[in-house]
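Enquirer:
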Amino acid sequence: MAPPSEIPALDILAIAAHRDDVEQTCGGTLLKMAERGCRAGILDLTRGELGTRGSAEDRAREANEAARILKVAWRNGLDIPDGRVENTWENRLKVARVIREQRPRVVILPYWQGRHPDHYTASVLGYEACFAAGLSKLGLESSGMALPPHRPFKIVYASLYYDIRPSFVVDITEQFELRLQSLLAYKSQFLDQEAGQGIFPAQGQIRERIEAMARFYGMLGGVDFAEPFVQKEVGLVDDLLTIPVKSI
Ligand SMILES: [Zn+2]
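For the sequence shown, our numbering begins at 8 and goes up steadily by one.
(1) What's the call for P159, buried or exposed, on a 16-neighbour Cβ count within 10 Å?
(2) Taking the CB atoms as reference points, tell me whether A129 and R99 lie closer together than 8 Å.
(3) Can you tell me where the beta strand (DSSP E) holding P117 begins and where it ends?
(4) Note down the Cα distance separating V241 from A202, rounded to an integer number of angstroms.
(5) For a test of your reading of the model: does the CB of D28 fall under 7 Å from any non-hydrogen atom of ligand 1? Yes or no.
(6) Is D65 near ligand 1 - that is, is its Cβ less than 7 Å away from at least one heavy atom of it?
(7) Let me check you understand the geometry: is the CB of D51 closer than 7 Å to at least one non-hydrogen atom of ligand 1?
(8) Please check the pair G229 and V252, which I expect to be a contact at CB under 8 Å, by giving their CB distance rounded to whole angstroms.
(9) Do you know offhand how far I255's Cα is from F232's?
(10) Could you tell me the alpha carbon to alpha carbon distance between L190 and I213, rounded to whole angstroms?
(11) For ligand 1, is there any heavy atom lying closer than 7 Å to the beta carbon of H157?
(12) What are the partner residues of A153, as DSSP defines its beta bridges?
(13) Distance check for A24 and D51, CA to CA, integer angstroms please.
(14) Applying the 10 Å Cβ sphere with the 16-neighbour rule, what's the burial state of P173?
(15) How far does the alpha helix (DSSP H) with F138 in it extend, from its first residue to its last?
(16) If you compare alpha carbons, which of M220, Q188, G55, R110 is closest to A136?
(17) Under 7 Å: does the beta carbon of D86 sit that close to some heavy atom of ligand 1?
(18) May I have the straight-line CA-CA distance separating E215 from K39, to the nearest angstrom?
(19) Taking a contact to mean a Cβ-Cβ separation below 8 Å, would you say I4 touches V79 in this structure?
(20) Alpha carbons only, please: which of E13, G34, I22 is nearest the one belonging to V176?
(21) Got a sec, what are the start and stop residues for the alpha helix (DSSP H) N4 sits in?
(22) Closer than 7 Å by C-beta to Y169: which residues in its own chain qualify, once you throw out the five before and the five after it? Chain order, please.
(23) On a CA-only basis, which of R68, R104, I76, G133 is nearest R186? Give me that one, please.
(24) Looking at C-beta atoms only, is the number of pairs between the segment 87-105 and the segment 146-159 that lie closer than 8 Å three or more?
(25) Using the rule of at least 16 other Cβ atoms within 10 Å of the residue's Cβ for burial, across every protein chain shown, is D86 buried or exposed?
(26) Check whether the Cβ of A24 sits closer than 7 Å to any heavy atom of ligand 1, and report yes or no.
(27) Going by CA-CA distance only, name the one from H126, Y164, S195 that's closest to E72.
Structure representation (structure tokens):
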């Protein structure tokens, strides 16, 4: 492996609890940025070994295929146990090590509230790992080399799993079809089958649901399809004449 300083830095890193989360919450945004020449990456905290459908190996193969469709430059999965994502010091160090290796300018985390404990825990864990990664006296190594401190400039939260008004939406009209294909690459999850029939929608309904959500957030931004995000900071405006989204 190349020394960490020779790995090109990521522009954007999306961190999520499960393989197939980012495909649902911010895959269109990652693809859009990749198409603009940015280096985008995905870090999945777990490997999906508890999933009702398919094995961890199936999901690894599918995650690689989804990453190819979304044109991301880097994807990796940590070994945090599925269904037991906990905000421990040990887990924070695992994520902080990745942040120092990949040096993203922007990190996308899941929104900090939600139904699935892994999702909201991943949010706090990710934030605290970004903080820890910047501590100059915290020593972290990769392949025997010390990793210099790094803290991302910006953290935004993908809020699709939670019903909250977003701070902004990203227009993914041009990326919508490929983003849907990236989700359907998880054949072990989304092909119609016996296992998990009560909790998984039939494949025919998936497109409808994904499309309805993307259209709703698109409508808020005055475009066809969009993905929602929350930021904790205020927006900063330089020129009132170029603020997008029509008021009246
Ligand atoms: Zn998930």
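Quick reminder that beta carbons are idealized off the backbone N, C-alpha and C, glycines included.
Expert: Taking the structure as given:
(1) Your numbering for residue 159 matches position 152 in the sequence shown. Per the 10 Å Cβ criterion, buried.
(2) Within the sequence shown, numbered from 1, the residue matching residue 129 stands at position 122. Within the sequence shown, numbered from 1, the residue matching residue 99 stands at position 92. Not in contact: A129 and R99 (Cβ atoms no closer than 8 Å).
(3) Reading the sequence shown from its first residue, position 110 is the one you call residue 117. Residues 113-117.
(4) By 1-based counting over the sequence shown, the position of residue 241 is 234. By 1-based counting over the sequence shown, the position of residue 202 is 195. Roughly 45 Å separates the two Cα atoms.
(5) The residue given as residue 28 occupies position 21 in the sequence shown. Checking every heavy atom of ligand 1 against the Cβ of D28, one is found closer than 7 Å.
(6) Walking along the sequence shown from the start, residue 65 turns up at place 58. Answer for D65: no, Cβ out of range of ligand 1.
(7) Counting from 1 along the sequence shown, the entry for residue 51 is found at position 44. For ligand 1, not one heavy atom lies less than 7 Å from the Cβ of D51.
(8) One-based indexing of the sequence shown puts residue 229 at position 222. One-based indexing of the sequence shown puts residue 252 at position 245. Indeed they touch by this definition, with Cβ atoms about 5 Å apart.
(9) The count along the sequence shown starts at 1 and reaches residue 255 at position 248. The count along the sequence shown starts at 1 and reaches residue 232 at position 225. Taking the straight line joining both Cα atoms gives about 20 Å.
(10) Counting from 1 along the sequence shown, the entry for residue 190 is found at position 183. Counting from 1 along the sequence shown, the entry for residue 213 is found at position 206. Those two C-alpha atoms are separated by around 10 Å.
(11) Position 150 of the sequence shown, counted from the start, is the residue given in the question as residue 157. For ligand 1, not one heavy atom lies less than 7 Å from the Cβ of H157.
(12) As a working note, residue 153 is residue 146 in the sequence shown. E148, per the DSSP bridge assignment.
(13) Translated into positions along the sequence shown, residue 51 becomes position 44. Translated into positions along the sequence shown, residue 24 becomes position 17. If you take the alpha carbons of D51 and A24, they lie about 6 Å apart.
(14) If you number the sequence shown from 1, residue 173 lands on position 166. Buried, since its Cβ has 16 or more Cβ neighbours within 10 Å.
(15) In the sequence shown, counting from the first residue as 1, residue 138 sits at position 131. F138 -> alpha helix (DSSP H) spans 124-140.
(16) What you label residue 136 is simply residue 129 of the sequence shown in a count that begins at 1. Comparing Cα-Cα distances from A136 to each of M220, Q188, G55, R110, the minimum goes to R110.
(17) Working through the sequence shown from its first residue, we reach residue 86 at position 79. Flag unset: Cβ of D86 not near ligand 1.
(18) Mapped onto the sequence shown, residue 215 falls at position 208. Mapped onto the sequence shown, residue 39 falls at position 32. Roughly 22 Å between the two C-alpha positions.
(19) For the chain, the structure presents residues 8 to 255; residue 4 sits outside this window and is missing.
(20) Looking up residue 176 in the sequence shown gives position 169. The shortest C-alpha separation from V176 is found at G34.
(21) The chain is shown from 8 up to 255; residue 4 falls before or after that span and cannot be answered.
(22) In the sequence shown, the residue the question calls residue 169 occupies position 162. These residues qualify, in order along the chain: Y118, Q120, G121.
(23) Walking along the sequence shown from the start, residue 186 turns up at place 179. Selected option, being the one with the closest Cα: I76.
(24) yes
(25) On the sequence shown, residue 86 is found 79 positions in, with the first residue counted as 1. That one is exposed.
(26) As a working note, residue 24 is residue 17 in the sequence shown. A24: yes, Cβ under 7 Å from ligand 1.
(27) For this step, residue 72 is matched to residue 65 along the sequence shown. Closest option to E72, Cα to Cα, is S195.
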